[in-house]
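Below is one structure, written out as structure tokens, with a few remarks after it.
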Amino acid sequence: MTTRSIAILGSTGSIGTNSLRVIDALGDGYKVRALSANSSVELLAEQTKKYRPDVVAITNADKAEEFRSLATGFTGTLLTGPESLVEIAKLECVDTIITAIVGAAGLPAVLEAAREGKTLAIANKEPLVIAGQLLMETARKNNATILPVDSEHSAIFQSLQAGRNDEVNKLILTASGGPFRNATAEQIQNASLEEALAHPTWSMGPKITVDSATMMNKALEVIEAAWLFDVPVDKIEVVIHPESIVHSLVEFIDGSVIAQLGTPDMCMPIQYALTFPRRVKGIASHLKLDELGKLTFEKPDMDVFQALKLGYKVAKLGGSAPVVFNAANEAAVEEFLKGSIKFARIVELIAYCVDTHTVNPCHSLDELLQADAWARETVNKRIAE
Ligand code: NAD
Ligand code: MG
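Residue numbers (the working numbering): 6 to 390.
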């Protein structure tokens, strides 16, 4: 059996730590060669002692010394600074990269991994939202394989195997509806950080948990699906499914709908991305449909969840519009997590940026990054007003 040589970008986060649990369970045949974290050096040092990677990257260079003192016995290469992620993407000793960084910060490394023709198990959805065309073209040109880790996209990827691409009628993404599914506009207006972080079904990092509460996460996922599966957004539907058991569905032209179901546990899609096209016994618990009793579905209220409506709008506008949409969200969520703005302000700020931005077709990475910077600056200026 050939050994898969793996790098995990963002190994200390929710996806990163679950990926290591999956790799532990897969056992022989999977070797961790590189790990990265931004600043959680204690956990990174523990992981380094356990997995003995050849390379470790710390993007926040100020934390490097602390890591050195904690990771006693580490004899591999320590890289620091944001560029270190790109260096990992280039490593010859790595064939598979799990991209588990949060936000647009992962873009340069994800692009480099595609340029290097690696296999990407992609959880980091923001690069697909902001540079989907460039990323997919780069992957195609360099024979890189992109395998989705996001649970909905893994479900669609699995369901698509039941037919040909030209037989697809539409993709149906499920959404839990988050903690505010049944909330009134007033409750949402005054939601606390604690309430926004109390996701009913999934346990995830703070940014994506807030994105689930605004339903920004689903908006990003519609755009992610459009690029991953080459389907226009008009053919991507969102349905609320509070139980988070049906992870997404594909409707084919004959009316057949194929879905993937499972417990809400990210280990399942992570494992599938690592074992594809095979399946092996995993660590996620199995479904007991009779205990669940029923599965429910409802239409999302686009007037309550404005982020979802905006997501369709920016996807159709294209160019710099999704970049601004994503960056404004990242900046606003950061402020919300610090306690400096109210929950409802997040979507207001995103809408303000989208409405005041002049869309640019964005032919280069530089133009994408300029639009990203403009949105972050605009959010911060608006908050300071
Ligand atoms: P997290 O916050 O738990 O972890 C983020 C990881 O990225 C950490 O290892 C952190 O050190 C690193 N990181 C953070 N900022 C960084 C920066 N500026 N530069 C370099 N590294 C940085 O996040 P998460 O919940 O694991 O999510 C990771 C990605 O996966 C996101 O794009 C998210 O949308 C996507 N995703 C997550 C889940 C989930 O269940 N958590 C599900 C689907 C998709
Ligand atoms: Mg998802």
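For glycine and all other residues, C-beta sits at the position ideal for the given N, C-alpha and C.
Inset, instruction - Apply the 10 Å Cβ neighbour rule to residue 195 and answer buried if 16 or more other Cβ atoms are within range, or exposed otherwise. - result: Position 190 of the sequence shown, counting from 1, holds the residue named residue 195. The residue in question, residue 195, is exposed, as its Cβ has fewer than 16 Cβ neighbours within 10 Å.
Inset, instruction - Classify residue 191 as buried or exposed, calling it buried when 16 or more other Cβ atoms lie within 10 Å of its own Cβ. - result: Locating residue 191 in the sequence shown gives position 186, where the first residue counts as 1. By the neighbour-count rule (16 or more Cβ atoms within 10 Å), residue 191 is not buried but exposed.
Legend entry - Cα-Cα separation, residue 4 to residue 358: Past the edges of the chain, shown from 6 to 390, lies residue 4, and the structure says nothing about it.
Inset, instruction - Mind listing, in chain order, the continuous beta strand (DSSP E) runs of no fewer than 3 residues lying wholly within the segment 138-213? - result: 150-153 and 173-180
Inset, instruction - Determine the DSSP secondary structure at residue 62, reduced to helix, strand or coil. - result: Taking the sequence shown and counting its residues from 1, one reaches residue 62 at position 57. Reduced to three states, the DSSP call for residue 62 is strand.
Legend entry - Through-space distance from residue 242 to residue 394, alpha-carbon basis: Nothing in the structure corresponds to residue 394, since the chain is present only between 6 and 390.
Inset, instruction - Locate the beta strand (DSSP E) running through residue 104, then write down its first and last residues. - result: The count along the sequence shown starts at 1 and reaches residue 104 at position 99. Run containing residue 104: 101-104, per the beta strand (DSSP E) assignment.
Legend entry - Neighbourhood of residue 122 by C-beta, 7 Å cutoff - its chain only, sequence neighbours within 5 removed: Sequence index remark: in the sequence shown, residue 122 carries index 117 (1-based). Cβ neighbours of residue 122 beyond the five flanking positions: 147, 148 and 149.
Legend entry - Assigned secondary structure, residue 303 (DSSP; H/G/I helix, E/B strand, else coil): Locating residue 303 in the sequence shown gives position 298, counting from the first residue. Strand.
Legend entry - Proximity test, residue 155 beta-carbon vs the ligand NAD heavy atom, cut-off 7 Å: In the sequence shown, the residue the question calls residue 155 occupies position 150. Result yes, Cβ under 7 Å from the ligand NAD.
Legend entry - Buried/exposed call for residue 229, threshold 16 Cβ in 10 Å: Locating residue 229 in the sequence shown gives position 224, where the first residue counts as 1. Buried, since its Cβ has 16 or more Cβ neighbours within 10 Å.
Inset, instruction - Please state whether DSSP places residue 91 in a helix, a strand or coil. - result: Within the sequence shown, residue 91 is the residue found at index 86, counting from 1. Reduced to three states, the DSSP call for residue 91 is helix.
Legend entry - CA-to-CA distance, residue 113 to residue 42, given in whole angstroms: Position 37 of the sequence shown, counting from 1, holds the residue named residue 42. Position 108 of the sequence shown, counting from 1, holds the residue named residue 113. One C-alpha to the other measures close to 15 Å.
Inset, instruction - Might you give, ordered along the chain, the residues of its own chain that have their beta carbon closer than 7 Å to the beta carbon of residue 81, omitting 5 neighbours on each side? - result: The sequence position of residue 81 within the sequence shown is 76, counting from 1. The answer, listed in chain order, is 58, 59, 60 and 61.
Inset, instruction - Answer yes or no: the CB of residue 45 versus the heavy atoms of the ligand NAD, is any distance below 7 Å? - result: Position 40 of the sequence shown, counting from 1, holds the residue named residue 45. Under cutoff, so the answer is yes.
Inset, instruction - Return yes when the Cβ of residue 159 is within less than 8 Å of the Cβ of residue 246, no when it is not. - result: In the sequence shown, residue 246 corresponds to position 241, counting from 1. In the sequence shown, residue 159 corresponds to position 154, counting from 1. No, they are not a contact pair.
Legend entry - Residue span of the beta strand (DSSP E) that contains residue 238, given as start and end: For the purposes of this step, residue 238 is identified with residue 233 of the sequence shown, where counting begins at 1. Per DSSP, residue 238 belongs to no beta strand (DSSP E) and is neither H nor E.
Inset, instruction - Could you tell me which residues DSSP puts in a beta bridge with residue 82? - result: To locate residue 82, count along the sequence shown from 1; it is residue 77. Paired residue(s): 60.
Legend entry - Best match in 37, 233 and 348 for proximity to residue 102 [C-alpha to C-alpha]: Taking the first residue of the sequence shown as position 1, residue 102 is located at position 97. The shortest C-alpha separation from residue 102 is found at 37.
Inset, instruction - Look at the Cβ atom of residue 49, then the Cβ atom of residue 106, and state whether they are nearer than 8 Å. - result: In the sequence shown, residue 49 corresponds to position 44, counting from 1. In the sequence shown, residue 106 corresponds to position 101, counting from 1. No, the pair does not count as a contact, with Cβ atoms beyond the cut-off.
Legend entry - For residue 77, three-class secondary structure by DSSP: Counted from its first residue, the sequence shown places residue 77 at position 72. Of the three classes helix, strand and coil, the one that applies to residue 77 here is coil, per DSSP.
Inset, instruction - May I ask you to check if the CB of residue 232 is nearer than 7 Å to at least one heavy atom of the ligand NAD? - result: Here the question's residue 232 lines up with position 227 in the sequence shown. Flag unset: Cβ of residue 232 not near the ligand NAD.
Inset, instruction - Return the CA-CA distance between residue 91 and residue 12, expressed in angstroms with no decimal places. - result: For the purposes of this step, residue 91 is taken as residue 86 along the sequence shown, with counting starting at 1. For the purposes of this step, residue 12 is taken as residue 7 along the sequence shown, with counting starting at 1. So the alpha carbons of these two residues sit roughly 12 Å apart.
Inset, instruction - Could you spell out where the beta strand (DSSP E) holding residue 266 opens and where it closes? - result: Here the question's residue 266 lines up with position 261 in the sequence shown. Run containing residue 266: 262-266, per the beta strand (DSSP E) assignment.
Inset, instruction - May I ask which residues mark the beginning and end of the beta strand (DSSP E) holding residue 253? - result: Start at 1 with the first residue of the sequence shown, and residue 253 comes out as number 248. Here the beta strand (DSSP E) through residue 253 covers 251-257.
Inset, instruction - Determine the extent of the beta strand (DSSP E) in which residue 363 is found, giving its start and end residues. - result: Working through the sequence shown from its first residue, we reach residue 363 at position 358. That residue, residue 363, is in no beta strand (DSSP E); it is neither H nor E in DSSP.
Inset, instruction - Could you tell me whether any non-hydrogen atom of the ligand MG is closer than 7 Å to the CB of residue 88? - result: Along the sequence shown, read from residue 1 onward, the residue named residue 88 stands at position 83. The answer is no for residue 88.
Inset, instruction - State yes or no: is the C-beta of residue 249 nearer than 7 Å to some heavy atom of the ligand NAD? - result: Mapped onto the sequence shown, residue 249 falls at position 244. No, the Cβ of residue 249 stays beyond 7 Å of every heavy atom of the ligand NAD.
Legend entry - Unbroken beta strand (DSSP E) run spanning residue 293, endpoints: For the purposes of this step, residue 293 is taken as the residue at position 288 of the sequence shown. Unbroken run through residue 293: none, as it is neither H nor E.
Inset, instruction - Measure the alpha-carbon distance for residue 205 versus residue 183 and round it to whole angstroms. - result: In the sequence shown, counting from the first residue as 1, residue 205 sits at position 200. In the sequence shown, counting from the first residue as 1, residue 183 sits at position 178. Those two C-alpha atoms are separated by around 6 Å.
Inset, instruction - Measure the alpha-carbon distance for residue 76 versus residue 118 and round it to whole angstroms. - result: Here residue 76 corresponds to residue number 71 of the sequence shown, with the count starting at 1. Here residue 118 corresponds to residue number 113 of the sequence shown, with the count starting at 1. Approximately 27 Å, taken between the alpha carbons.
Legend entry - residue 37 CB to nearest heavy atom of the ligand NAD below 7 Å: For the purposes of this step, residue 37 is taken as the residue at position 32 of the sequence shown. Not under cutoff, so the answer is no.
Inset, instruction - Following the continuous beta strand (DSSP E) through residue 37, name the residue where it begins and the one where it ends. - result: By 1-based counting over the sequence shown, the position of residue 37 is 32. 35-42 is the span of the beta strand (DSSP E), which, as asked, contains residue 37.
Inset, instruction - List the endpoints of the continuous alpha helix (DSSP H) containing residue 383. - result: The residue labelled residue 383 in the question sits at position 378 within the sequence shown. That run of the alpha helix (DSSP H) goes 370-389.
Legend entry - Beta-carbon proximity of residue 135 to residue 327, cut-off 8 Å: Within the sequence shown, residue 135 is the residue found at index 130, counting from 1. Within the sequence shown, residue 327 is the residue found at index 322, counting from 1. In contact: residue 135 and residue 327 (Cβ atoms closer than 8 Å).
Inset, instruction - Measure the C-alpha to C-alpha separation of residue 70 and residue 78 and round it to an integer number of angstroms. - result: As a working note, residue 70 is residue 65 in the sequence shown. As a working note, residue 78 is residue 73 in the sequence shown. When rounded, the distance between both Cα atoms is 14 Å.
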